[in-house]
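Below is one structure, written out as structure tokens; the observations come after it.
Protein chains: 2
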Amino acid sequence: MAVTLQQIAKEAGVSRGTVDRALNNRGRINAEVADRIRKIADEMGYQPNRAGRALAMSKRSITIGVVIQAADTPFMEKVIEGAEDARAEVERMGADVMIRKIDDFDAGMAVEAMHELRAAGCNGIAVVPVDDERLKETVDEFAGENIPVITFNSDIEGSGRLCFVGQDTFQSGRVAAGLMADILPGGGKVLVISGYPTSYGHKNRTKGFLQEFGLLREDVGILDVQYDFDDDRMAEMITQGMLKEYEDLTGIYLAASGVHGVCKALEEQGMEGKVKVISNDLTSQNVRYLEEGKIRFLIGQDGYRQGYEPVMILFEKIFDGKEPEKEFAYTEIVIKTKYNLVC
Amino acid sequence: MAVTLQQIAKEAGVSRGTVDRALNNRGRINAEVADRIRKIADEMGYQPNRAGRALAMSKRSITIGVVIQAADTPFMEKVIEGAEDARAEVERMGADVMIRKIDDFDAGMAVEAMHELRAAGCNGIAVVPVDDERLKETVDEFAGENIPVITFNSDIEGSGRLCFVGQDTFQSGRVAAGLMADILPGGGKVLVISGYPTSYGHKNRTKGFLQEFGLLREDVGILDVQYDFDDDRMAEMITQGMLKEYEDLTGIYLAASGVHGVCKALEEQGMEGKVKVISNDLTSQNVRYLEEGKIRFLIGQDGYRQGYEPVMILFEKIFDGKEPEKEFAYTEIVIKTKYNLVC
DNA sequence: TTGAAAGCGCTAACAA
DNA sequence: TTGTTAGCGCTTTCAA
Numbered sequence: 048m049a050v051t052l053q054q055i056a057k058e059a060g061v062s063r064g065t066v067d068r069a070l071n072n073r074g075r076i077n078a079e080v081a082d083r084i085r086k087i088a089d090e091m092g093y094q095p096n097r098a099g100r101a102l103a104m105s106k107r108s109i110t111i112g113v114v115i116q117a118a119d120t121p122f123m124e125k126v127i128e129g130a131e132d133a134r135a136e137v138e139r140m141g142a143d144v145m146i147r148k149i150d151d152f153d154a155g156m157a158v159e160a161m162h163e164l165r166a167a168g169c170n171g172i173a174v175v176p177v178d179d180e181r182l183k184e185t186v187d188e189f190a191g192e193n194i195p196v197i198t199f200n201s202d203i204e205g206s207g208r209l210c211f212v213g214q215d216t217f218q219s220g221r222v223a224a225g226l227m228a229d230i231l232p233g234g235g236k237v238l239v240i241s242g243y244p245t246s247y248g249h250k251n252r253t254k255g256f257l258q259e260f261g262l263l264r265e266d267v268g269i270l271d272v273q274y275d276f277d278d279d280r281m282a283e284m285i286t287q288g289m290l291k292e293y294e295d296l297t298g299i300y301l302a303a304s305g306v307h308g309v310c311k312a313l314e315e316q317g318m319e320g321k322v323k324v325i326s327n328d329l330t331s332q333n334v335r336y337l338e339e340g341k342i343r344f345l346i347g348q349d350g351y352r353q354g355y356e357p358v359m360i361l362f363e364k365i366f367d368g369k370e371p372e373k374e375f376a377y378t379e380i381v382i383k384t385k386y387n388l389v390c
Numbered sequence: 048m049a050v051t052l053q054q055i056a057k058e059a060g061v062s063r064g065t066v067d068r069a070l071n072n073r074g075r076i077n078a079e080v081a082d083r084i085r086k087i088a089d090e091m092g093y094q095p096n097r098a099g100r101a102l103a104m105s106k107r108s109i110t111i112g113v114v115i116q117a118a119d120t121p122f123m124e125k126v127i128e129g130a131e132d133a134r135a136e137v138e139r140m141g142a143d144v145m146i147r148k149i150d151d152f153d154a155g156m157a158v159e160a161m162h163e164l165r166a167a168g169c170n171g172i173a174v175v176p177v178d179d180e181r182l183k184e185t186v187d188e189f190a191g192e193n194i195p196v197i198t199f200n201s202d203i204e205g206s207g208r209l210c211f212v213g214q215d216t217f218q219s220g221r222v223a224a225g226l227m228a229d230i231l232p233g234g235g236k237v238l239v240i241s242g243y244p245t246s247y248g249h250k251n252r253t254k255g256f257l258q259e260f261g262l263l264r265e266d267v268g269i270l271d272v273q274y275d276f277d278d279d280r281m282a283e284m285i286t287q288g289m290l291k292e293y294e295d296l297t298g299i300y301l302a303a304s305g306v307h308g309v310c311k312a313l314e315e316q317g318m319e320g321k322v323k324v325i326s327n328d329l330t331s332q333n334v335r336y337l338e339e340g341k342i343r344f345l346i347g348q349d350g351y352r353q354g355y356e357p358v359m360i361l362f363e364k365i366f367d368g369k370e371p372e373k374e375f376a377y378t379e380i381v382i383k384t385k386y387n388l389v390c
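Listed in order, the protein sequences are those of chains W and Y.
FYI, the numbering for the first sequence is 48 to 390, going by the working numbering.
FYI, the numbering for the second sequence is 48 to 390, going by the working numbering.
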């Protein structure tokens, strides 16, 4: 049986309230007595009972806000699933979670949602941000008011956010490069199609891929990076053009979206399977292409954890006062082939 | 704020105790009243508060036993880590976890440990089994006494265990086959080295690999399966012999242990890198070989979850009466290259 | 068959 | 500065 406050109180010859004040630094206590109590608690291996604490604090009621942009995308559905699961878990401990979904990316609406959540009494907020000055200011403002903010999926560098939960995008590009280097035949050319030149994530993936692939395969030519602005039609046109210009194209790395367009172009030219495609994100469409063998590898993000972790980290921070373990909580870089899709 | 028993009692015009009896089927209650209360609870969306329940039940104290064989191996250290984390988590809810570690595989000691744990009052047991008749009988005996048993890492087929947590080994072999098919050049031969011909896991991996690889690459010859009995010296000798006999050997799949031996033999013959190696298990030694590029891929087991899940499933079963979601809780089949090792 | 009440470990308000 | 006490939501025992 675990040690209780009462047992420590008895051991120290004081009351339960005094032990509580000592161990939780609530002040209004003699410093020496507090020290002595802390030492005793330590020796007895005291671990606060979660259930007792949750019950006692349930009137104070912790509320956690979550702002998810691009909530209508398949990837974010996984994130939302993780956040909902975390919600169910902390609700059983008496806390509340409010989730605000925003279609597309819209910094203005994200800022607005954050203000709403603060007004609703949220004690902490997790947000999928975009790189935007107002959003950064809002994060800093909240942090100043002692409302911890966690960025997830995407980060706001240099802001006062508590921590970031998401993928190490540079490393993700390197993972793709390693795989591509393993499966390409000798010679030929490889093409990188990115999404937006301004997106941090896309940029980092591209950089990681180019740097590592260059080191691994000097025999393969690397074509200039193309941008499809996350548009399948663009991706298709780029692929068509490149196929015409470079007959020895053997590999395509998609740093963002556009799988459908790429595959369509390859199919039209009868190059399916001959040009090896590696892409990102385990969307259901991408997964289908993987199953059909039209893509070789998908690099996944573990969206579930990206939704789950921020809520839990905030809950632990607010409920237990526990600081997050790392400033960058990188989620796993998952490699999927058609064979390890289900788990 | 969530709905409480008290609120339902007020709504139904009865006492809290009556509501409790109705919702938890404790008997000693008028059936019609019980029905009415259940309906009201349903309408109000009642979800029992975990903290309250944990606190009230803390005198009854749930104890969960864990028996881990081969506990001295690096892989099982991960499993133990997961079990310890689960322990910490359920201890905070007032439960206890007793972990019994056994070096090597020893069915007799495992049976003994299970009896000890039952004598110590365990309400449920998770065990890493071997295929052994006494062990199976013990599992069935405990299940008959209403002490749920979960097998993890390895299974006892046809026993009365509640569920199995671990890898789908057949599928794991197919994953390796898919990767091997992607990275081997045309022609040549591939060799499969398994561990024990009697081990279910090794056998399934081998079968999965052979079946899938045969479908994928008809141009590559498949040599007879060799067995190294998890011994590096054996693996080394096998590799040496095969390298001599088949100059066009281009790939080796290790269904069990023996990476060190294989790599040593390849190095001696100057074939390192030329013969592509895929193996299982993220042991620190294997990871080192992966980092050095001597192995192309490692198929991992997610040992952490294999230790964590069984304890949590047992806790939920005993504490909440919640049945496990699936009979086979397959853990993810993780693909690791040198680039996605850290997460 | 039902109600009333004690108590699980903790926090917080109040009293001393 | 310290002790006392009510109460969080639930289970369980005892009394009606």
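Even for Gly, the Cβ is constructed at its ideal location relative to N, Cα and C.
Separation of residue j from residue i, as counted between CA atoms
i                      : j                      : result
residue 212 of chain Y : residue 176 of chain Y : 12 Å
residue 323 of chain W : residue 315 of chain W : 15 Å
residue 97 of chain Y  : residue 179 of chain W : 40 Å
residue 195 of chain W : residue 189 of chain W : 7 Å
residue 245 of chain W : residue 228 of chain Y : 37 Å
residue 64 of chain Y  : residue 103 of chain W : 21 Å
residue 94 of chain W  : residue 50 of chain W  : 7 Å
residue 119 of chain W : residue 109 of chain W : 28 Å
residue 146 of chain W : residue 360 of chain W : 16 Å
residue 149 of chain W : residue 162 of chain W : 14 Å
residue 142 of chain W : residue 171 of chain W : 12 Å
residue 374 of chain W : residue 204 of chain W : 11 Å
residue 381 of chain W : residue 334 of chain W : 13 Å
residue 317 of chain W : residue 364 of chain Y : 54 Å
residue 257 of chain W : residue 272 of chain W : 9 Å
Identified DSSP bridge partners for residue i
i                      : result
residue 145 of chain Y : Y/112
residue 239 of chain W : W/300
residue 310 of chain Y : Answer is none; residue 310 of chain Y lacks a bridge partner.
residue 216 of chain Y : Paired residues: none, contrary to the question.
residue 33 of chain Y  : Nothing about residue 33 of chain Y can be reported from this structure: the residues present for chain Y run from 48 to 390 only.
residue 345 of chain Y : Y/326 and Y/383
residue 273 of chain W : W/240
residue 375 of chain Y : Y/211
residue 171 of chain Y : Y/111
residue 319 of chain W : W/322
Whole-Å CB distance - residue i paired with residue j, under 8 Å assumed
i                      : j                      : result
residue 296 of chain Y : residue 326 of chain Y : About 16 Å separates the two Cβ atoms, so there is no contact after all.
residue 241 of chain W : residue 274 of chain W : 5 Å
residue 221 of chain Y : residue 255 of chain Y : 4 Å
residue 140 of chain W : residue 101 of chain W : 4 Å
residue 358 of chain W : residue 137 of chain W : 7 Å
residue 62 of chain W  : residue 56 of chain W  : 6 Å
residue 329 of chain W : residue 383 of chain W : 6 Å
Residue from the options with nearest C-alpha to residue i
i                      : options                       : result
residue 251 of chain Y : Y/58, Y/133 and Y/223         : Y/223
residue 386 of chain Y : Y/88, Y/337 and Y/356         : Y/337
residue 117 of chain Y : Y/156, Y/307 and Y/81         : Y/156
residue 129 of chain Y : Y/271, Y/355 and Y/369        : Y/355
residue 164 of chain W : W/113, W/382 and W/204        : W/113
residue 193 of chain Y : Y/140, Y/151, Y/99 and Y/169  : Y/169
residue 301 of chain Y : Y/373, Y/216 and Y/368        : Y/216
residue 166 of chain Y : Y/370, Y/367, Y/381 and Y/111 : Y/111
residue 207 of chain W : W/289, W/253, W/173 and W/55  : W/173
residue 144 of chain Y : Y/152, Y/132, Y/154 and Y/151 : Y/132
residue 79 of chain Y  : Y/90, Y/388, Y/91 and Y/59    : Y/59
residue 287 of chain W : W/232, W/313, W/299 and W/277 : W/313
residue 209 of chain Y : Y/384, Y/383 and Y/372        : Y/372
residue 247 of chain Y : Y/230, Y/226 and Y/219        : Y/219
residue 151 of chain W : W/270, W/277 and W/362        : W/277
residue 107 of chain Y : Y/366, Y/225 and Y/67         : Y/366
So, does the region 341-358 of chain Y touch the region 342-356 of chain W, judging by three or more C-beta pairs under 8 Å? No, they do not touch.
Should the region 348-357 of chain W be called in touch with the region 123-131 of chain W, which here means at least 3 C-beta pairs below 8 Å? Enough Cβ pairs lie closer than 8 Å, so yes.
Within the chosen definition, does the region 272-283 of chain Y reach the region 197-204 of chain Y through at least 3 CB pairs nearer than 8 Å? Touching, no, given that fewer than three Cβ pairs across the two stretches are closer than 8 Å.
Are the region 233-241 of chain Y and the region 288-305 of chain Y touching, with three or more C-beta to C-beta distances below 8 Å? Verdict: yes, contact present.
Just checking, does the region 253-263 of chain W make contact with the region 259-268 of chain Y on the three C-beta pairs under 8 Å criterion? Here the region 253-263 of chain W makes no contact with the region 259-268 of chain Y; the two share fewer than three CB pairs at distances below 8 Å.
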